[in-house]
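What follows is one structure encoded as structure tokens, with my remarks underneath.
In our numbering, the protein residues as written are 44 to 657.
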């Protein structure tokens, strides 16, 4: 009996292969035929598990390749070249990286410069989790050039976008629905983050805290499997020096809790400083009405100058963090002009402090100048240097047994929590990267303080605030998320009846006989809205024929209680309905009447979407 079932299964596969090749709209590779067949014969849960593994492997491999490429470029410049030559590289390479990336975006990718976590969140909310296929490789190429040549940004955001694009296009290719596509999009990003840090739990936390905010779903096993695949690839392929890994730390001592509380407050203030400076640089670059290439030249010059002054700002800077935790801070100074100053404790204090303060400028001008990268790695870098600066300051004030390595580690988590609004990701990332699970208490203290103070300054991450206010990404307000999926253009009732104010009541009565709506717009010669008329307004006189030719429309038309612009989001339209207690509102394009929108129509569409997305 089992042999018969096996034969039937093989027969089913070959028949599917024959039909697929015969009737498919395009030729496909053999492995795609197999996956299409598996999609047909496996249950939904089984196919999602298989998909999570496949997406995790591909996205994880993309992350590993990018990390290896960038690491060895940095290793050659930092360790294989004499200081005098390094200065030339620091002055030239970041400039070239930003300019070449901008040229690549303009000439090869036709100006498709959208990047970062905001891109993923926008596609989840506004494009049914469909990310353009070009993002599967464009982000890797752009970030490899930017960061590989010394741009002061992180690879994690481009890796996350690449992984998300891989998951999204995989789901689209195999005709999966919105829920499955969103899940695999998150799985791809999770695998990329897990591969970058060899931290699978942090990858999963990243998906939950940042990508899947406001998304309701119950399938999380594919997410975990993708994280495992990405982390395993990282562990097997990457060398120890490439991994984001820290071996040196001190055991947790509860007597050091005051240090951690103070560092938490300092991390929160620095995170706010980082965000404010980033926004100012963004606005400054946006106000410059320059071509993209000219902005790239400006950004490249500024970043190159900063890297010459403070070499740890070159690239991601993870190697500098390892030197700090290992107690080899003097090696950082030896690669800078500070080497020519006398060896005194305040020299190292000033060096780490200025590096920390200037990091945000280097990162902001890298990204806003046209380079490709994110704030993930820079926030970790700045947090590590902030922790070391704080530890050194405490030592100079006479405190004993200051846990330098631990303060560097928890400082990374603190600043990342305040900048990225992702405390759980930060906590598990540092715990996994340092095998410091006994540091959970100080990690929680610092990350929580930083995150709570960041939320006090701004409830939503400032990087995403404008998208949230425009209703272009999901937030924790689930009702607003559903409403953001509705487009006013699709809800517009365009069969509008209009009349001018100087026409007689008879013309209005004839118009009512022909139509089926109880609302008529009164417009001028240019199509602008002058007022509205409802059946309730004319019911008392509509059967009095003696008034038909002596009464004009202007005598009983009323101004609309409120108008709606065609570009408004539906959540704001609902608020207007609630304010004026009406069921129909006119929609204008500028001042021209283009239709009406009804509250009942919005609610009906909301109900349908609620069934689909919840």
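Beta carbons are placed, not taken as given, at the ideal position from N, Cα and C, and that holds for glycine.
Coil, strand or helix - residue i by DSSP
i: residue 233; result: helix
i: residue 577; result: strand
i: residue 547; result: strand
i: residue 332; result: coil
i: residue 391; result: helix
i: residue 78; result: helix
i: residue 181; result: helix
i: residue 636; result: strand
i: residue 595; result: strand
i: residue 641; result: strand
i: residue 69; result: Unreliable positioning characterises residue 69 in this predicted model, as indicated by a pLDDT of 49, which lies under 50. A coordinate reading is not provided.
i: residue 195; result: coil
i: residue 322; result: helix
i: residue 295; result: coil
i: residue 647; result: helix
i: residue 253; result: helix
i: residue 153; result: coil
i: residue 148; result: helix
i: residue 401; result: helix
i: residue 173; result: coil
i: residue 240; result: helix
i: residue 560; result: coil
i: residue 343; result: helix
i: residue 396; result: helix
Alpha helix (DSSP H) segment containing residue i, residue limits
i: residue 438; result: 419-439
i: residue 602; result: First-last for residue 602: undefined, no H or E at that position.
i: residue 160; result: 160-169
i: residue 264; result: 264-280
i: residue 20; result: There is no way to answer for residue 20, as the model of the chain reaches only from 44 to 657.
i: residue 615; result: 613-623
i: residue 377; result: 372-377
i: residue 214; result: 199-216
i: residue 367; result: 361-368
Length of the line joining the Cα atoms of residue i and residue j
i: residue 107; j: residue 249; result: 18 Å
i: residue 606; j: residue 148; result: 41 Å
i: residue 580; j: residue 651; result: 34 Å
i: residue 170; j: residue 235; result: 22 Å
i: residue 243; j: residue 623; result: 51 Å
i: residue 63; j: residue 316; result: The predicted position of residue 63 is uncertain, since its pLDDT is 49 and thus under 50; a value taken from the coordinates is nonetheless stated next. One C-alpha to the other measures close to 57 Å.
i: residue 197; j: residue 185; result: 12 Å
i: residue 515; j: residue 145; result: 26 Å
i: residue 263; j: residue 95; result: 10 Å
i: residue 637; j: residue 575; result: 13 Å
i: residue 355; j: residue 345; result: 15 Å
i: residue 229; j: residue 502; result: 23 Å
i: residue 519; j: residue 646; result: 20 Å
i: residue 238; j: residue 444; result: 35 Å
i: residue 218; j: residue 416; result: 31 Å
i: residue 99; j: residue 560; result: 54 Å
i: residue 220; j: residue 258; result: 14 Å
i: residue 19; j: residue 97; result: Because the chain here runs from 44 to 657, residue 19 falls outside it and cannot be looked at.
i: residue 302; j: residue 335; result: 45 Å
i: residue 113; j: residue 458; result: 24 Å
i: residue 181; j: residue 572; result: 47 Å
i: residue 140; j: residue 536; result: 51 Å
i: residue 177; j: residue 604; result: 47 Å
i: residue 192; j: residue 366; result: 21 Å
i: residue 619; j: residue 532; result: 17 Å
i: residue 349; j: residue 407; result: 12 Å
Endpoints, the beta strand (DSSP E) within which residue i is located
i: residue 583; result: That residue, residue 583, is in no beta strand (DSSP E); it is neither H nor E in DSSP.
i: residue 632; result: 627-632
Residues bridged to residue i (per DSSP)
i: residue 225; result: None, per the DSSP bridge assignment.
i: residue 445; result: Its beta-bridge partners do not exist; DSSP assigns none.
i: residue 572; result: 566
i: residue 608; result: 631
i: residue 409; result: BP columns for residue 409 are empty, so no partner.
Minimum Cβ-Cβ distance from residue i to chain B less than 8 Å
i: residue 642; result: Within the model displayed, chain B is absent; a lone protein chain is all it includes.
Tell me the start and end of each unbroken alpha helix (DSSP H) in the region 478-553 that is at least 4 residues and wholly inside, in chain order. 483-500, 505-512, 521-527 and 531-534
Handout entry: Every unbroken beta strand (DSSP E) within the region 79-122, with a cutoff of 3 residues, ordered by chain
Key = none
- Message: Threshold first: 3 residues or longer. Then list the beta strand (DSSP E) segments lying entirely within the region 448-477, N to C.
- Response: none
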